[in-house]
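Residue 179 in the UniProt record's numbering sits at position 179 of the sequence shown, and the numbers go up by one each step.
All C-beta atoms, glycine included, are put in the ideal place defined by N, C-alpha and C.
The structure presented is a predicted model; accordingly, all values stated were derived computationally and were not measured.
The next block holds one structure in the form of structure tokens; read it before the comments.
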Amino acid sequence: MSTASPRTEHRPTSAGRPHVSAERLHTGFPIVRLDYRGRLPAGWQRQVVDCAETYREWSLLGGESVTSRQRQLGSAASCPVGVVTGKVVGAELSWLDALYREELLDLANGLGLGTFEPSADERSAINVNVLPPGSEYEWHVDSNPVTALLFGTDQPAGTGGELVFRPDPVTRPTEDWELAVVPRAGDLLLFDGREAAHSVRPVRGATERLTVPMNFYFAGAGVTRPDDLDRYLYGE
Ligand SMILES: O=C(O)CCC(=O)C(=O)O
Ligand SMILES: [Fe+2]
């Protein structure tokens, strides 16, 4: 199993902005981590927590989606996942919406993976994911080529909640590697989750685990999502 973690530097394209260094976490697929703590507005974490407490809606993910890999890599059990949809995030956390559409878009375009655009689908563009203690997020692949994921909470050692990546068993059956990322509030991941299956290990601490996934798509290609995915995630 390979665990190589070369370091690379990445420079946002926007002129005049302070440089944020990015660490490439793995060679098996594109993934970088940036320390975004100094670039988020004061009180950002409280705002994300309050938004999640007020607006989350619960669903049970049980492995039925075409993007799910739970049957191949996990158990059959379904777990509760809370989601705040993009419409609410856009209205309640306007700084986050602006960050997504400007600065994070620049970062996505600087990855060397293509030219991207924010999602035209308001509901799935930016979500807040909520995992209560005891829950986990099922194995799946993403349908969009770049995801920016902001960690909203810390998961100190021993409290579970790591985000784990493995080669997609459907498209990369011969590869064997694993990458586990420990969440730190204010860290930002940029990754291509289409062929890197990922899941969240069970949350063992006493508090909820929060993340903010933000979806980018290839410019001009529109929103490419499987028909069943929105019904699966949002229940309609
Ligand atoms: O919440 C996480 O850490 C992962 C979420 C994710 O992979 C997704 O929303 O597609
Ligand atoms: Fe994902």
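Between the Cα of residue 120 and the Cα atoms of 163, 214 and 21, which residue gives the shortest distance?
-> 214
Of all the options 132, 63 and 96, which has the alpha carbon lying nearest to the alpha carbon of residue 208?
-> 132
With residue 218 and residue 196 assumed to form a contact (beta carbons below 8 Å), what rounded beta-carbon distance in angstroms separates them?
-> Not a contact, Cβ separation roughly 18 Å.
Which residues mark the beginning and the end of the beta strand (DSSP E) in which residue 44 is found?
-> Careful: residue 44 lies outside any beta strand (DSSP E), inside the alpha helix (DSSP H) at 44-55.
Neighbour-count burial assignment, residue 233, 16 or more Cβ in a 10 Å radius = buried
Pair within 8 Å by beta-carbon distance, residue 90 and residue 124 | no
Cβ neighbour criterion (16 or more within 10 Å) applied to residue 69 | buried
What do you reckon, is the C-beta of residue 63 under 7 Å from a heavy atom of ligand 2?
-> no
Hey, is the region 151-161 in contact with the region 199-207, meaning 3+ C-beta pairs nearer than 8 Å?
-> yes
Indicate, with yes or no, if ligand 2 has a heavy atom lying under 7 Å from the CB of residue 142.
-> yes
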